[in-house]
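Peer 1: Here it is, the structure in full.
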Amino acid sequence: MAAVARLILQDFRSYKALDLAIGGQIVALVGENGAGKTNILEALSLFSPGRGLRRADLADMARLDGDGSFAVSVALGDDGSRLGVGLGPADAEGKRARLARIDGAPAGSALAFSEHARVVWLTPDLDGLFRGAAGDRRRFLDRLVLAVDPAHATRSNALERALRSRNRILEENPGQAQWLDAIEREIAELGVAVAAARAETVARLSAIITETRDEGSPFPHAGIALSGEIDTLVARGAALDAEDGYRALLRQGRARDRAAGRTLTGPQASDLEVRHGPKGIPAGQGSTGEQKALLIGLVLAHARLVAAMSGLKPLVLLDEIAAHLDPRRRAALYEVLTGLGCQVWMTGADPALFGDLPAGSQRIRVESGRARTE
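Take the sequence shown: its position 233, counted from the start at 1, is 240 in this note's numbering, and no numbers get skipped.
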């Protein structure tokens, strides 16, 4: 189990310096709004590929009154590993390097942390996921994929660069058929790989949901599926056939894509369809409470999937989650989290929300720039 035994922050967000000893399976961060609770969760989220739970630039994470650099480090209690991430001091040109270290030695990137820790999270920003734009669901899905397949970020970034190149060629040199053929071949290979990784994660997550489904749970099971032209191609069979089909669609859509100023077909146009399992309705048609409960159930199933596929029980970060639950669902959540076996970090403004935490939990009082175990 990847459990944090110690967390150290230096010039990170609202914290000039923080050194916390951690000993609970469930860690509740309690404090007023704006006290810095979510900042601690964000620091932990940096030990996964990507830009953390706020999707912020690293420069924005440095303390306003600091020198522009920051450091976050954790000691893991299971294997004793020490992981560190941060932003270094400015060089002669004013540039700063992202720093990543494992046991004091430089690591190539945050991808290296995946050998020691996995992180999943749920934040209030996701509350409107099922009724929001398809792009929000794609980002949510890619985060699910990334937690089980860290290389997904590399493929996705390469696809975005290739798509930008194709858009530029279509705008500036639409008659360059050889250039377009070459970039579309690259897009097809990357696009099918991205779509296949998503499809595998959705299939495995669906299997976990079916396996652990409890009709009496206050967190209903979800039905999930992918929709999109490329997802249909990938589902039909061999990857090479899907690549051929995607290349044909790209070639046929050149004039349309040039007029639109972007590539309209591909993984960047897919959607994650979610249904409320017990009711059999689209998730977005459920009440606000039903959608929240469905989202919690989905994230908990994902944590189980991460543990099963990586062999590491992930850190689970739940921001302001208990405030939206009635006492019955809150008690059920604490019971499920205990059975999950993961270290869970939760935030809340009202201490009463954590009055019935299970044995072995730790409550930390967070105030402006400070935190202490109660």
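Each residue gets a CB set at the ideal place from its N, CA and C atoms; glycine is no exception.
These numbers were taken from a predicted model, which means no experiment stands behind them.
State the Cα-Cα distance for the pair G198 and L166, rounded to the nearest angstrom.
Peer 2: Reading the sequence shown from its first residue, position 191 is the one you call residue 198. Reading the sequence shown from its first residue, position 159 is the one you call residue 166. So the alpha carbons of these two residues sit roughly 6 Å apart.
Peer 1: Decide if the region 173-188 is in contact with the region 257-269; the criterion is three or more beta carbon pairs, one per stretch, under 8 Å apart.
Peer 2: yes
Peer 1: If we require 3 or more residues per run, which beta strand (DSSP E) segments fall completely within the region 230-277?
Peer 2: none
Peer 1: Comparing alpha-carbon positions, which option in G84, A124, A78 and G111 lies nearest R103?
Peer 2: As a working mapping, residue 103 is identified with position 96 in the sequence shown. With distances taken between Cα atoms, R103 lies closest to A78.
Peer 1: Assign S80 to one of three DSSP states: helix, strand, or coil.
Peer 2: Reading the sequence shown from its first residue, position 73 is the one you call residue 80. Three-state DSSP puts S80 in a strand.
Peer 1: When you compare only the Cα positions, how much space is there between K44 and D326?
Peer 2: Within the sequence shown, the letter at position 37 stands for residue 44. Within the sequence shown, the letter at position 319 stands for residue 326. Their Cα atoms are separated by approximately 8 Å.
Peer 1: Residues bridged to V323 by DSSP?
Peer 2: Taking the first residue of the sequence shown as 1, we reach residue 323 at position 316. Answer by DSSP bridge pairing, in chain order: V127 and V351.
Peer 1: From G376, G284, R311 and I371, pick the residue whose C-alpha is nearest to that of G346; which is it?
Peer 2: By 1-based counting over the sequence shown, the position of residue 346 is 339. Out of G376, G284, R311 and I371, R311 has the C-alpha closest to the C-alpha of G346.
Peer 1: Under a three-way DSSP split, which group does Q17 fall into?
Peer 2: Taking the sequence shown and counting its residues from 1, the one referred to as residue 17 is at position 10. The answer is strand: DSSP assigns Q17 an E or B state.
Peer 1: Per the DSSP calculation, A69 is bridged to which residue(s)?
Peer 2: In the sequence shown, counting from the first residue as 1, residue 69 sits at position 62. In DSSP, A69 forms a bridge with F19.
Peer 1: With contact counted as at least three CB pairs below 8 Å, one residue from each stretch, are the region 226-233 and the region 274-283 in contact?
Peer 2: yes
Peer 1: Could you give the first and the last residue of the continuous beta strand (DSSP E) run that contains T219?
Peer 2: Position 212 of the sequence shown, counted from the start, is the residue given in the question as residue 219. Element bounds for T219: n/a, residue is neither H nor E.
Peer 1: Quick check: what's the CA-CA separation for S55 versus A117?
Peer 2: Here residue 55 refers to the residue found at position 48 of the sequence shown. Here residue 117 refers to the residue found at position 110 of the sequence shown. Those two C-alpha atoms are separated by around 6 Å.
Peer 1: By a C-beta neighbour count over all protein chains shown, 10 Å radius and 16 as the cutoff for buried, is S375 buried or exposed?
Peer 2: Mapped onto the sequence shown, residue 375 falls at position 368. By the 10 Å Cβ count, S375 comes out exposed.
Peer 1: What number of angstroms, rounded off, separates the C-alpha of G367 from the C-alpha of L344?
Peer 2: Reading the sequence shown from its first residue, position 360 is the one you call residue 367. Reading the sequence shown from its first residue, position 337 is the one you call residue 344. Approximately 12 Å between the Cα atoms of the pair.
Peer 1: Check each candidate in L94, R62, E342 and L90 and name the one with the smallest Cα separation from S224.
Peer 2: Translated into the one-based positions of the sequence shown, residue 224 becomes position 217. Closest by alpha carbon: E342.
Peer 1: When the Cα atoms are used, what is the spatial distance from A97 to D238?
Peer 2: In the sequence shown, residue 97 corresponds to position 90, counting from 1. In the sequence shown, residue 238 corresponds to position 231, counting from 1. Roughly 44 Å between the two C-alpha positions.
Peer 1: Please identify the residue among A203, A300, L187 and Q259 whose C-alpha is closest to the C-alpha of A246.
Peer 2: In the sequence shown, counting from the first residue as 1, residue 246 sits at position 239. It is A203.
Peer 1: Alpha carbon to alpha carbon, how far is V323 from M316?
Peer 2: Counting from one through the sequence shown, the residue named residue 323 turns up at place 316. Counting from one through the sequence shown, the residue named residue 316 turns up at place 309. Each residue's Cα considered, the two are about 16 Å apart.
Peer 1: Residues in its own chain within less than 7 Å of E193 by CB, not counting five upstream and five downstream?
Peer 2: Residue 193 sits at position 186 when you count from the first residue of the sequence shown. A169.
Peer 1: Starting from I371, trace the beta strand (DSSP E) in both directions and tell me its first and last residue.
Peer 2: Indexing the sequence shown from 1 puts residue 371 at position 364. Its beta strand (DSSP E) spans residues Q369 to E374.
Peer 1: Could you spell out the range, first to last residue, of the alpha helix (DSSP H) harbouring P29?
Peer 2: Taking the sequence shown and counting its residues from 1, one reaches residue 29 at position 22. Note that residue 29 is Ile in the sequence shown, not Pro. Where I29 is concerned, there is no enclosing alpha helix (DSSP H), given that its DSSP letter is neither H nor E.
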